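Below you'll find the structure, written out as structure tokens, and then a few comments.
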């Protein structure tokens, strides 16, 4: 707050002559001239008629002009004698006096009575005045003080208001006190003239009310302008400037220097009122005149209209650096590095121009609209692009251009691009143009077609897709394959209309499907005049069946396999049914490698259902590295969970794996590769793919939700909590899923407990079908001498040595998974290094049997760890586990304790040159280190005391889980055996 000194309207001490105040009665108040300590004359009015009764003495001031103030203050300095110090016989004595005031527009209001008697004038005067207050002294003097000339001066201040006239009179009434009025000062407060932030505020008289603020508008000085809003301040009744609002600022091109606007110097500029001062010109710009509003760019540098004047001038980038091309049949992958010179901007983008060479060297023409650019052709932010759907065996020229915001302002002849010339390879075949219907029965139909107009290579096979017309809305269809130009489709419904489409495949991949052809099967019965013909046909059919039966018998007797026409559908031929996006196989099931597809989008949409983004709600991020689906926040993005709502289906909870923003085309290809694999599987022990989201962002893979997460983590959390039959049931489910994959011709290569997911009903499902990229982030993977990351502890020796991955190597991994399950998630080979594991396996070392593991299960583990040719097949594994489930008595005999990893004494107890193992080390060795503090608090601080513990002692120290009690007590019993054997030795 800004204060100013008050404005005096009257100060009796500063008046040189007589004050001219009127006293009534005449013998009441008396004016006495004196000098102060500086010998300056002062006027004092005194009254002390205490010896007389009924005193009423008045003293009237002259008219005091208020100068427009609505509230004035009166400061009184006076002395007053204590009544008790007066001698006896006093008539009346008071220690107070009264103060009055009277408003008037001119000085005559307090004059003489105009011919009235003194009593009349006095009565009139008293009635017109308004009483201010009764004034009492804080300090009074006595006779002793008077003798010593020590006068106790009192100061009292009172305020008058609200005032509305031009002036006031003051009056002082004495009712019998001994008082001396030393000085009277009348003043008012006002807010002074103020200059603040280039704004001037005039001197302002405040209002009357104590809480009132008078708003005062300011005036911008020195050519300045209001900033945001006009300047304002508020004047309080105490004369303070408060609550500043708005301010003034120098015009652009000027700056505020000591509340004065001065022009910006050369080399500086100021463009905005908000800027506090002139700024030095940004890089690559300069101002050559004072008072610049902005700095023009230097030659060859530019600034767009959207760029702020404070932004440095920039220039276009140089050409993309290290441009490379990779031709994949009729697709070209273009890749480049960021330009050496980016121009100093962050809005770097890339454009791709595709031009096709004309025949006979007639030049180049721009590629047609059928060519696709992934993710786009212009405005690319990443440094790669896939160009697809090019013509085979054709020369192309690609111009890669780097641009930024100022490229359009630069010289059009400047070179900011690089050119790549490529030649495409063999292309996928064109679409089949015509499909014809041949002989049609009530449940079968012969189809034929012509080779595509542009086969673009050797046709390997044809794919026939068909569905019943009335079921078109169900998104259900069937696919069969043929190596010929004809096919007999069977298992059709009589009198039904079917839709057929055919496409061809070469080594370059599948071509497009033909247009839709609709054909109808024959009716199921023949009526009317056709009954005789029906009988004839039936007889011919019986005769033909007998002939065929004879031929088959002849073939069997001759020991030779009967042949069959490739034009007819073989019952063992692969047949795939798609229902609502889910693939269902009949007959021989064959895994199709998505890498054979030129376009990953084509592969993923072949095997996975596209789900609209509105059908999914993401509710939470799944915690843990492998909860519900492998990888919660890895290379590709977050893994979340939420409900999936598909039309006509009940809502289900799913796991949602997202592709993070800013992905490259290769990352998108790898991301969808796993979905293309999963979509081919349909088995209760294989993680189920619900669908994918590829037509909106983020790209997602939707799988079923597995409540209990990964198997290894689940077992560790529930150590010892399951029966052997429950564990065998889990192993049987895993083996069943692997048998299915083996029959499909798929090799997993990374089978481990961490890649098995468990649902709420303890059903185990095989997951993680992206080994080649998943192992890059897997802590269990290690580099081998042949290169490439392999999970050593789970991998068969031939796969480690020769990278030979087969179903047999998956069987080896399954044996390790069995060991993990029976040891409740213990790490295979414990803390051995990967190199030690490789060496030990080569020397025929195998993992020992887990604690309390049935001998039959451990025998199956060791069979899985035999040399490749002697390992069981997965169907044999499933068969054996089924026998164990149906005959639990086979599980009663446990592995000999010498196989148990808890036989730790000989290797750990005497470690370190005879040092006795501590209780903490013993508990850690059997994975029960969590109970160390409880044992020590219970008084079991040595192994000798631990060896005497009972089951009741274990419960007393706090081991309450039955599985943990069993594991610890088994180790204690083993300890007792060892201690007793040592005593015998001694």
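In this note's numbering, the protein residues as written are 69 to 1054.
Glycine residues also receive a C-beta, built at the ideal position from the N, C-alpha and C atoms.
Since we're looking at a predicted model, the values are computed, not measured.
Item	Value
Distance, residue 924 Cα to residue 1003 Cα	35 Å
Proximity of residue 356 and residue 345 at Cβ, strictly below 9 Å	no
Enclosing beta strand (DSSP E) for residue 1022 [first to last residue]	It is not in any beta strand (DSSP E) - residue 1022 instead sits in the alpha helix (DSSP H) that spans 1019-1025.
Chain-order list of residues whose beta-carbon lies under 6 Å from that of residue 573 (same chain, five-residue window excluded)	528 and 529
Spatial neighbours of residue 897 in its chain, beta-carbon cut-off 6 Å, leaving aside the 5 residues before and after	861 and 905
With 16 other Cβ atoms within 10 Å as the buried cut-off, status of residue 801	buried
Within 9 Å, strictly: CB atoms of residue 15 and residue 809	Only positions 69 to 1054 of the chain appear in this structure, which leaves residue 15 out of reach.
Chain-order list of residues whose beta-carbon lies under 7 Å from that of residue 751 (same chain, five-residue window excluded)	805 and 808
Residue 389 versus residue 363: straight-line alpha-carbon distance, rounded	32 Å
Buried versus exposed call for residue 1068 [16 or more other C-beta atoms within 10 Å across all chains shown]	Residue 1068 lies beyond the range of the chain shown here (69 to 1054); nothing can be said about it.
Cα-Cα separation, residue 881 to residue 456	40 Å
Distance CB(residue 783)-CB(residue 889) smaller than 9 Å	yes
Residue 289 vs residue 319 beta-carbon contact at 9 Å	no
Whole-angstrom distance between residue 760 and residue 531, CA atom to CA atom	23 Å
Member of 228, 144 and 173 whose CA lies at the smallest distance from the CA of residue 221	144
Selection from 521, 133, 563 and 474 that minimises the alpha carbon distance to residue 513	563
Sub-9 Å separation of residue 745 and residue 659 beta-carbons	yes
Separation of residue 307 from residue 123, as counted between CA atoms	40 Å
Environment of residue 365 [buried if 16+ CB atoms lie within 10 Å]	buried
Buried versus exposed call for residue 552 [16 or more other C-beta atoms within 10 Å across all chains shown]	exposed
Residue 126: first and last residue of the uninterrupted beta strand (DSSP E) it sits in	125-128
Secondary structure of residue 485, DSSP reduced to three states	strand
Beta carbon of residue 131 nearer than 9 Å to that of residue 236	yes
Per DSSP, the bridge partner or partners of residue 168	199 and 239
Test item: CB-CB of residue 208 and residue 300 under 9 Å	no
Residue 901: CB within 8 Å of a non-hydrogen atom of the ligand ADP	Ligands are entirely absent from the displayed structure, and the ligand ADP is therefore not among its contents.
Inter-residue Cα distance where the pair is residue 1043 and residue 735	55 Å
Other residues of its chain near residue 52: CB distance less than 6 Å, five sequence neighbours each side excluded	The chain is shown only over 69 to 1054; residue 52 falls outside these bounds and no answer can be derived.
Secondary structure, alpha helix (DSSP H): runs of 4+ residues fully inside the stretch 847-909	865-870 and 875-890
Nonlocal neighbours in the same chain, by C-beta distance under 7 Å from residue 545, ignoring five residues either side	533, 534, 535 and 646
Whole-angstrom distance between residue 322 and residue 701, CA atom to CA atom	For residue 701, the predicted structure reports a pLDDT of 42, less than 50, and the residue's modelled location is therefore unreliable. A value from the coordinates is still provided. Distance between the alpha carbons of residue 701 and residue 322 is about 54 Å.
Status (buried if at least 16 other CB within 10 Å, exposed otherwise) for residue 147	buried
Whole-angstrom distance between residue 395 and residue 467, CA atom to CA atom	16 Å
Test item: CB-CB of residue 774 and residue 723 under 9 Å	yes
Top-ranked residue by Cα proximity to residue 822, from 504, 792, 776 and 857	776
Residue 452 and residue 488 closer than 9 Å at C-beta	no
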